[in-house]
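Input: a single structure, listed below in structure tokens.
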């Protein structure tokens, strides 16, 4: 065992609180010793391995020398075997060289292991030094804790002495308390009478308080109803404002619709005038169409007559050409016939163009007439829709006016209810003030009655007292004074016990702090 472990043992016997810490430190020391023993065993094993390798080297050297001697002897005896022997020697030397290289590698590894072991030994020695320093610090702290324990034990002895003195004082006060209890029994009968009177007055007070609670409950109920009525009034006012706003919007919409109806009526009048104009134009076009058809019939009759006459003229020309075999005459007749046909063709084209123009005008007028009729139908439908919407708006306005009248009526009723509830609340407040005044009067009477009873008891049952001033005091004050003394003494005793407990707790905390500090040192 190291020297510091032997130094710890007396402290361990003197202070049992430090025993776990000392045992823990001894375990650490034993573990370090075991590590040292293991390292020493490994060093011894390594030394044995080195010695064995040295012995092997010596044996190999002896064998090599013997082999060299044999070779020399064989060389001297047989010159022919010298080359073979030389080759064999070279192989043997190469094998020895390889073997020595392997041994050197093994020795290098073992040397590195030895260096590592030496380093670990140095580290363990440093740890042992650190632990020795910690043990010295722990011994110093143990001495300080012993001194603190001696001081605290002296304080505890002083507290025990004071506790004995307090117990003696308690015995004296207990005797005084017995005398006070005896005197207290005499006054219990008077107290019972006073308690009966107090119970009667308290009963009356409870009745009045119950009445007050009832009045307060009624006031709370009326206040709640008043809040509800005010909320309903606010809601009805909001509804009235909303209805007025909606009425204004409806009136504005009605004005807009009336303006739209007036505009549609104006446009309808204009459309009717346009339709009359277009109908007149249509009648004129129909009249002109009939005239043109009559003209066309006349012209077609004329054309037929002309065609007939042309055919007759052509026939005559053919006859004359047949008669006259002169080519020039026949050419002139053909040109004249062609000119006549061209004139008739141009006349027919002009007539067709005029008819096409008149037909296009007729189609355009018919299209305009259809569009105007459609617009008239649309405007009539819009007029009907606006009239229907105007009727609905007027009905909505009548409904909103009826709702506003109903809300005004309900508002008047709610205001009347509020006035009634306010009157009831004022009456209840008046009654509550009267009840509170009655309660104050009764409490004053109870206090006056108590004072009178106390004075009567003091006169009828005077208490003996050593001092002159105790004659003016009541027995209640004296009892309270004795109880106060007992309370002060008990408080002093409890404070002493508490101080002793605090001292013991501080001792335990110091021991735990010592253990905790050494644990931290070990961790470091």
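In full-length UniProt numbering, the protein residues as written are 1 to 524.
Glycine included, C-beta positions come from ideal geometry on N, C-alpha and C.
CB contact flag (residue i, residue j, <8 Å)
{"i": "residue 250", "j": "residue 402", "result": "no"}
{"i": "residue 208", "j": "residue 438", "result": "yes"}
{"i": "residue 229", "j": "residue 381", "result": "no"}
{"i": "residue 225", "j": "residue 442", "result": "no"}
{"i": "residue 389", "j": "residue 278", "result": "no"}
{"i": "residue 379", "j": "residue 261", "result": "no"}
{"i": "residue 418", "j": "residue 247", "result": "no"}
{"i": "residue 132", "j": "residue 96", "result": "no"}
{"i": "residue 211", "j": "residue 435", "result": "yes"}
{"i": "residue 243", "j": "residue 425", "result": "no"}
{"i": "residue 431", "j": "residue 222", "result": "no"}
{"i": "residue 236", "j": "residue 407", "result": "yes"}
{"i": "residue 264", "j": "residue 376", "result": "no"}
{"i": "residue 110", "j": "residue 46", "result": "yes"}
{"i": "residue 372", "j": "residue 274", "result": "yes"}
{"i": "residue 117", "j": "residue 42", "result": "yes"}
{"i": "residue 446", "j": "residue 201", "result": "yes"}
Secondary structure of residue i, DSSP reduced to three states
{"i": "residue 153", "result": "helix"}
{"i": "residue 475", "result": "Residue confidence for residue 475 is low, a pLDDT of 44 falling below 50, so the modelled location carries little weight and cannot support an answer."}
{"i": "residue 486", "result": "With a pLDDT of 47 at residue 486, under the threshold of 50, the modelled position of this residue cannot be trusted; read the value that follows with caution. Note: residue 486 maps to helix in three-state DSSP."}
{"i": "residue 258", "result": "helix"}
{"i": "residue 66", "result": "helix"}
Candidates the options, of which the one nearest residue i by Cα
{"i": "residue 239", "options": "410, 274, 109 and 422", "result": "410"}
{"i": "residue 360", "options": "346, 285 and 452", "result": "285"}
{"i": "residue 355", "options": "257, 99 and 293", "result": "293"}
{"i": "residue 282", "options": "363, 337 and 387", "result": "363"}
{"i": "residue 370", "options": "43, 272 and 56", "result": "272"}
{"i": "residue 115", "options": "39, 348, 417 and 253", "result": "39"}
{"i": "residue 65", "options": "89, 54, 263 and 245", "result": "89"}
{"i": "residue 197", "options": "449, 455 and 454", "result": "449"}
{"i": "residue 33", "options": "124, 107 and 58", "result": "124"}
{"i": "residue 217", "options": "440, 429, 452 and 242", "result": "429"}
{"i": "residue 52", "options": "98, 31, 107 and 69", "result": "107"}
{"i": "residue 526", "options": "152, 37, 100 and 23", "result": "The structure shown does not extend to residue 526, since the chain is modelled only from 1 through 524, so no value can be given for it."}
{"i": "residue 138", "options": "24, 87 and 311", "result": "24"}
{"i": "residue 452", "options": "142, 153 and 190", "result": "190"}
{"i": "residue 454", "options": "416, 84 and 187", "result": "187"}
{"i": "residue 128", "options": "291, 26 and 368", "result": "26"}
{"i": "residue 50", "options": "87, 31 and 104", "result": "104"}
Chain D contact for residue i (CB, 8 Å cutoff)
{"i": "residue 70", "result": "Going by chain labels, chain D is absent from the structure shown, which holds only one protein chain."}
For the segment 109-184, which segments carrying the alpha helix (DSSP H) assignment without a break, of at least 4 residues, lie completely within its bounds, in sequence order?
-> none
At which residue ranges does the segment 385-452 contain complete alpha helix (DSSP H) runs of 4 or more residues, listed in the order of the chain?
-> none
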